[in-house]
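Colleague: Each residue of the sequence shown is one higher than the one before, starting from 1 at the first, in full-length UniProt numbering.
Beta carbons are placed, not taken as given, at the ideal position from N, Cα and C, and that holds for glycine.
On a predicted model such as this, the values are computed, not experimentally measured, just so you know.
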Amino acid sequence: MALAREDSSPLFAGTVAGTLRLILYLAFAMVLMVLDHRNGWMWRIRYTASAVVEPVYRLAGMPAAGMRNLSVAFADRQLLTEQNQRLREDLLLANAKLNRMASVAQQNERLKELLATQHSLELNVQLARVIDVDLGSYRHRMLVNAGARDGVKKGQVVIDARGVIGQVVEVMPRTSLVMLVTDPDHAIPVVVERTGLRTVAYGSRDGDQLSLPNISMAADVRPGDKLLTSGLGGRFPPGFPVGEIRGVEPGASGMFLEGRARPTADLDRSEDVLLLHDQAEPAGPPEPATPAGPPADLAPAPAATVAPPPRATTLPNAAPAPTSTAP
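1) Is Val190 closer than 8 Å to Val178 when the C-beta atoms are compared?
2) Decide if the segment 250-262 is in contact with the segment 228-241; the criterion is three or more beta carbon pairs, one per stretch, under 8 Å apart.
3) Roughly how many whole angstroms lie between the Cα atoms of Asp206 and Arg88?
4) Taking just the CA atoms, how far does Ala146 sit from Arg260?
5) Look up Gln126 in the DSSP assignment and give the residues it is bridged to.
6) For His277, which residues of its own chain have a beta-carbon under 6 Å away from its beta-carbon, when the five flanking residues on both sides are left out?
7) For a minimum of 3 consecutive residues, which ranges assigned as the beta strand (DSSP E) are wholly contained in the segment 4-85?
8) What distance in whole Å lies between the Cβ atoms of Leu275 and Gln156, which are believed to be in contact at a cut-off of 8 Å?
9) Where does Gly247 land, buried or exposed, given buried means 16+ other C-beta within 10 angstroms?
10) When the Cα of Leu232 is compared with those of Val164, Arg141, Thr199 and Val144, which residue comes out closest?
11) Taking DSSP as the reference, what is the three-state secondary structure of Leu87?
12) By how many angstroms is the C-alpha of Glu54 removed from the C-alpha of Val34?
13) How big is the Cα-Cα spacing for Ile165 and Ser176?
14) Report all residues from its chain with a CB closer than 6 Å to the CB of Asp134; omit the five preceding and five following residues, and keep chain order.
15) For residue 409, count neighbouring C-beta atoms within 10 Å of its own C-beta (all shown protein chains included) and say buried if the count is 16 or more, exposed if not.
16) Just list the residues that DSSP pairs Leu227 with in beta bridges.
17) Judging by CA-CA distance, which residue of Val221, Asn69 and Arg174 is the nearest neighbour of Glu193?
18) Pick helix, strand or coil for Ala148, following the three-state DSSP scheme.
19) Going by the beta-carbon positions, is the gap between Val273 and Asp160 smaller than 8 Å?
Okay, structure coming up:
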């Protein structure tokens, strides 16, 4: 039967029973402290209790931790996406700058080669930039950014650092059209550097070859021979590289050999070319050659010259000499 409210007493009442109960609890606490201090029993109990209660704490904190992790994940994902986008843009920009620097370096090297060609040969040339290249089946042309206002004339020879490219066939005010040496309508007199054989190199429809159809059957022409301009015709100055023999075989007629050559100039890769102006003619006659021979003090004395006998003169009043006639 439940006790009434007024009959209930506090845990540590001021009575004798309450005092004994307090003393008993204090003694029990002292025993527990001594045992915990000496044997660590209470620590083991707390450790075991924490291991049992910890999953409850984790389970209770999972919703808040999940929400926090989701917000951090979304924020980090957006941040990482933005950073990745910026890094990709920086990488593309760096690659573009690197490619541009490499292109500029190659262009500088080609310009150095062109200037070296000009200085080494002491040529009167004009630098021009290639605007367009047409390597079709029936025409091989190049458009450069120099025209009549720049002093370009029809028929000017166009070269690069490696060899002959072609000649100007059409001149506009600001641009000029160049026919390449590989054009089917182009021909250039050449000489084989090794043997001195003269022939003519024609363009072909292959786009990257020259044709030499008129080589004598007895001519000494081999793959690897260098072709130079011969200077015949007066259009192309002598000594410029034109191509390299790749192969020689009998022609279709059987009367001549037909050679195939690869152009020396970078027809499809040149960005800057040189327009060759006419070379200045020497002023006045050539200087006389210095006579060779022994010194004047060692040379023998000239022989005495004998004066010719005086001619007989006929006086106007003198009688003619008698003439005798044979019987």
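Modeller: Per the coordinate set shown:
1) no
2) no
3) 43 Å
4) 32 Å
5) Leu275
6) Asn124
7) If we require 3 residues or more, the segment 4-85 turns out to have no beta strand (DSSP E) run fully inside it.
8) The C-beta distance from Gln156 to Leu275 rounds to 5 Å, short enough to fall under 8 Å.
9) exposed
10) Thr199
11) Leu87 falls in the helix class under three-state DSSP.
12) 27 Å
13) 14 Å
14) So the list reads Arg141, once near-sequence residues are dropped.
15) Beyond the ends of the chain as shown, which are 1 and 327, falls residue 409; an answer cannot be given.
16) Val192 and Gly243
17) Val221
18) helix
19) yes
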